[in-house]
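Per our numbering, the sequence shown starts with residue 1, numbered consecutively. Just so you know, even glycine gets a beta-carbon here, dropped at the ideal spot from N, CA and C.
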Amino acid sequence: MTNGEPTPFGDPVTRKGEAAAASEVLAPEGAPPIKRLLLDIKNREVMHTIENRHKFAAVYRAHQADIIFTPFFEDAHPDHIAVTKIAEDARFDAKLTKLDLPDPVDAWTGEAMPIGEPKYAKWFFYYYATHLRWVANPNFVVDVTGYEQTKIDSINAYHTQFVLPEKNRKVVDWVRASLTYMGSRIGTESGEGFYTREPIGLTGFNSLA
């Protein structure tokens, strides 16, 4: 959505490098590099508009996305709330025919992605990144045992956000604690909780963790 700036210790060039480093950490071994596309929306001023909805919808079509993850819909951060509402509505916009959507353009590189056919993503999941002081109540938890350090390393890749500011170094401890707690709810070492407003289909009970 945005480049995340301004921040106390960062700048657009530094943040671009941090984002690239985090993407490299998260890329599965042997898989193609993660494609990260930055939209030209201003940080701290994200608004739910038709223009922004259509920018999102174009990205969905370009990726032909089947699964969409977005921040949980209750938050103290206005940008997070706006992003989620845009993401929800753009899911519907992306399926509409006779809707002229622009090719998504990466604000960092200027490169455009060719837009695809109308597409309605099958799954829409919410993850937790809230500024509110409440306990997450996910309705499903994924076993992420063995991937804990990958998540921590991807967070620490944002050095100016989570390492340089001393007060933010606790975020990694909170993430570790959450992974352990969520894992304890499903009988694994680590877990990642998500929320969905739509029922999840199983092919059988052997799909349960």
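Is the beta carbon of ILE186 less than 8 Å from the beta carbon of ALA121? No, the Cβ-Cβ distance between ILE186 and ALA121 is not below 8 Å.
For TYR120, name the three-state secondary structure that DSSP assigns. coil
At the level of alpha carbons, what is the spacing between ASP40 and HIS131? Going from the Cα of ASP40 to the Cα of HIS131 covers about 24 Å.
For ASN137, which option in ALA20, ARG169, TYR195, ALA22 has the closest C-alpha, if you only look at C-alpha atoms? TYR195
Am I right that LEU37 and PRO104 are in contact with their C-beta atoms under 8 Å? What's the rounded C-beta distance? 6 Å
Opening and closing residue of the alpha helix (DSSP H) in which PHE162 lies: Segment 159 to 162, the alpha helix (DSSP H) holding PHE162.
At the level of alpha carbons, what is the spacing between ASP66 and PHE124? 9 Å
Beta strand (DSSP E) runs wholly inside the region 148 to 191, at least 3 long, in chain order: none
Near ASP89, what residues of its chain come up, given a Cβ to Cβ distance below 7 Å and the 5 sequence neighbours on each side ignored? ARG53
Could you give the DSSP three-state label for GLY17: helix, strand or coil? helix
Looking at HIS80 and ALA22, is the spacing between their C-beta atoms short of 8 Å? no
Using the beta-carbon count (16 or more within 10 Å), is LYS167 buried or exposed? Around the beta carbon of LYS167, a 10 Å sphere encloses fewer than 16 other beta carbons of the protein chains shown; the residue is thus reported as exposed.
Proximal residues to THR188 (C-beta, below 6 Å), its chain only, five neighbours per side dropped: ASP143, THR145
Three-state class that DSSP yields for PRO104 in the structure shown: coil
Span of the beta strand (DSSP E) around VAL59: VAL59 -> not in any beta strand (DSSP E); alpha helix (DSSP H) instead, spanning 50 to 63.
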